[in-house]
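Heads up: the sequence shown is residues 11 to 269, going by this note's numbering.
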Amino acid sequence: MLLDEIVAATRSAVSERKRRVPLDLLISEIEKRPPPKDFAAAIAGGGVKIIAEVKKASPSKGVIKADFDPVVIAREYARGGAAAISVLTEEKYFHGSPAYLSDIAEYLDDTRPPLLRKDFITDEYQVYEARACGADAVLLIVAVLTAPELTSLLELARRLGMAALVEAHDEAEVKAAVRSGANIIGINNRDLKTFRVDLATTGRLRRLIPAGRLTVSESGITCSDDIKYLQNLDIDAALVGEALVTAPDIGHKLRELLG
Ligand SMILES: O=C(O)c1ccccc1NCC(=O)[C@H](O)[C@H](O)COP(=O)(O)O
């Protein structure tokens with residue numbers, strides 16, 4: 011199953027990075043960073059906010075943006091009104107890199123939106139690494155974590171002052187996300203085992219998320235009708251990758267989605 015392969019590849023890349031950059035060094039980098047921006051506040055209130063994703067490639071489509079420059083794309087997202095920026099950092103299948111986060115944090119000015127590290131996180135090292143690279147939030151995927159692992163990664167993110175977007179795709183996973191105490195829950199419309207995308211997944215699972223938690227719909231969101239559908243479901247934010255990075259004019263596409 012591809013998800014297992016992605017997680018295995020990620021674990022091996024993480025072991026390699028641990029050898030090159032020991033945890034102590036990451037912690038000293040974290041101490042030099044300004045405090046994290048408030049990701050939860052950025053996506054809360056007032057219509058469907060956009061979390062715009064810096065995405066070069068995907069396992070289902072290969073390279074989707076040939077002239078890819080993470081800083082240029084992130085700058086367009088910031089100028090276009092994205093509430094937050096998601097940065098795919100997985101290397102083998104998404105052609106991402108943790109360095110994209112540090113580059114964006116370095117080259118955008120301090121008014122930039124909060125940065126989310128989007129990866130297949132199973133190891134505390136990746137949470138420290140995210141913060142050391144300037145991320146303000148991390149993605150935690152229920153499907154690749156046991157309940158105790160999810161709890162301890164959530165706790166570590168909190169200790170580092172970061173938010174966590176806890177992602178689920180089916181009823182059992184949403185219930186596990188709710189039980190974990192996560193205050194930001196993502197419903198992924200993409201089945202990570204088959205890659206099928208269906209926005210109705212958000213429609214089906216939304217009611218399982220109690221009032222008071224922030225809700226994000228992820229994947230397969232392409233047009234303003236999709237945003238209206240999410241607005242009617244009282245969704246706080248939409249995470250959009252491909253439709254934005256492949257748009258001929260990213261700013262224009264972002265404004266279209268923001269209505
Ligand atoms: O994008 C994929 O094909 C994919 C395949 C397997 C696991 C994860 C995958 N994507 C990661 C993401 O979560 C998406 O990049 C993100 O939700 C944005 O989706 P989209 O707007 O459809 O590009």
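Just so it is clear, CB atoms sit at the ideal spot from N, CA and C, and this is done for glycine as well.
Closer than 7 Å to a non-hydrogen atom of ligand 1 - does that hold for the CB of residue i?
{"i": "residue 106", "result": "no"}
{"i": "residue 216", "result": "no"}
{"i": "residue 159", "result": "no"}
{"i": "residue 209", "result": "no"}
{"i": "residue 253", "result": "yes"}
{"i": "residue 230", "result": "yes"}
{"i": "residue 63", "result": "yes"}
{"i": "residue 70", "result": "yes"}
{"i": "residue 28", "result": "no"}
{"i": "residue 202", "result": "yes"}
{"i": "residue 128", "result": "yes"}
{"i": "residue 78", "result": "no"}
{"i": "residue 205", "result": "yes"}
{"i": "residue 242", "result": "no"}
Go through its chain and collect everything with a Cβ distance to residue i's Cβ below 7 Å, but skip five positions before and after it.
{"i": "residue 205", "result": "70"}
{"i": "residue 36", "result": "138, 139, 142"}
Output yes or no for whether 8 Å exceeds the beta carbon distance between residue i and residue j.
{"i": "residue 61", "j": "residue 112", "result": "no"}
{"i": "residue 177", "j": "residue 207", "result": "no"}
{"i": "residue 154", "j": "residue 98", "result": "no"}
{"i": "residue 261", "j": "residue 89", "result": "yes"}
{"i": "residue 13", "j": "residue 203", "result": "yes"}
{"i": "residue 227", "j": "residue 195", "result": "no"}
{"i": "residue 247", "j": "residue 93", "result": "yes"}
State the beta-bridge partners of residue i as determined by DSSP.
{"i": "residue 242", "result": "Answer is none; residue 242 lacks a bridge partner."}
{"i": "residue 17", "result": "Its beta-bridge partners do not exist; DSSP assigns none."}
{"i": "residue 227", "result": "197, 248"}
Might you give, ordered along the chain, the residues of its own chain that have their beta carbon closer than 6 Å to the beta carbon of residue i, omitting 5 neighbours on each side?
{"i": "residue 106", "result": "98, 99, 100"}
Tell me which residues share the same chain as residue i and place their Cβ nearer than 8 Å to its Cβ, disregarding the 5 neighbours each side in the sequence.
{"i": "residue 17", "result": "130, 132, 154"}
{"i": "residue 53", "result": "59, 61, 93, 94, 194, 224, 226, 246, 247"}
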